[in-house]
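Asker: Residue numbering for the sequence shown follows our numbering, starting at 2 and increasing by one per position. I have a structure here, written as C-alpha coordinates, and I will follow up with some questions on it.
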Amino acid sequence: MIFKIVTLFLVAMGVLAMFGKLKVPGAKTIADKRCPKCKRFRIGKGPCPCKTKG
(Lines of atoms letter the chains of each structure in order from A and count residues from 1; the text may use other names and numbers.)
(Lines give C-alpha, C1' and ligand atoms only; values in the text may rest on other atoms or scores of the structure.)
Protein backbone atom coordinates (compact mmCIF):
# COMPACT_ATOMS: atom_id res chain seq x y z
CA MET A 1 0.00 0.00 0.00
CA ILE A 2 2.78 2.44 0.92
CA PHE A 3 4.61 1.51 -2.30
CA LYS A 4 1.50 2.46 -4.33
CA ILE A 5 1.20 5.83 -2.58
CA VAL A 6 4.88 6.63 -3.09
CA THR A 7 4.72 5.60 -6.75
CA LEU A 8 1.63 7.72 -7.41
CA PHE A 9 3.26 10.66 -5.64
CA LEU A 10 6.39 10.38 -7.78
CA VAL A 11 4.35 10.09 -10.98
CA ALA A 12 2.34 13.17 -10.01
CA MET A 13 5.55 15.10 -9.27
CA GLY A 14 6.95 14.07 -12.67
CA VAL A 15 3.82 15.29 -14.45
CA LEU A 16 3.98 18.61 -12.59
CA ALA A 17 7.64 18.95 -13.54
CA MET A 18 6.78 18.43 -17.21
CA PHE A 19 4.10 21.14 -17.04
CA GLY A 20 6.55 23.46 -15.31
CA LYS A 21 9.00 23.17 -18.21
CA LEU A 22 6.43 24.18 -20.82
CA LYS A 23 6.89 27.55 -22.46
CA VAL A 24 3.92 29.88 -22.48
CA PRO A 25 3.03 30.89 -26.05
CA GLY A 26 3.29 34.63 -26.46
CA ALA A 27 5.67 35.14 -23.53
CA LYS A 28 8.26 36.75 -25.80
CA THR A 29 5.79 39.31 -27.12
CA ILE A 30 4.79 40.16 -23.55
CA ALA A 31 8.45 40.64 -22.62
CA ASP A 32 8.96 42.89 -25.66
CA LYS A 33 6.26 45.27 -24.42
CA ARG A 34 8.26 46.17 -21.32
CA CYS A 35 10.50 49.21 -21.08
CA PRO A 36 14.15 48.05 -21.00
CA LYS A 37 15.06 50.79 -18.51
CA CYS A 38 12.35 50.65 -15.82
CA LYS A 39 10.74 47.24 -16.68
CA ARG A 40 7.21 48.68 -16.67
CA PHE A 41 4.73 47.82 -19.43
CA ARG A 42 4.55 50.30 -22.29
CA ILE A 43 0.99 51.07 -23.31
CA GLY A 44 0.48 52.45 -26.81
CA LYS A 45 3.16 53.43 -29.29
CA GLY A 46 4.63 56.44 -27.49
CA PRO A 47 7.73 56.49 -25.33
CA CYS A 48 7.78 55.17 -21.79
CA PRO A 49 6.90 57.71 -19.07
CA CYS A 50 10.32 57.19 -17.47
CA LYS A 51 11.94 58.74 -20.57
CA THR A 52 9.63 61.76 -20.66
CA LYS A 53 10.23 62.75 -17.01
CA GLY A 54 13.67 64.05 -17.82
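Glycine included, each C-beta is placed from N, C-alpha and C at the ideal position.
Could you tell me whether the segment 46–53 touches the segment 23–38, where touching means 3 or more Cβ pairs closer than 8 Å?
Answerer: yes
Asker: On the DSSP bridge list, what partners appear for Arg1?
Answerer: Absent from the model: residue 1. The displayed extent of the chain is 2 to 55, so no value can be given.
Asker: Hey, how far is the Cα of Lys46 from the Cα of Gly21?
Answerer: In the sequence shown, residue 46 corresponds to position 45, counting from 1. In the sequence shown, residue 21 corresponds to position 20, counting from 1. Cα-Cα distance, rounded: 33 Å.
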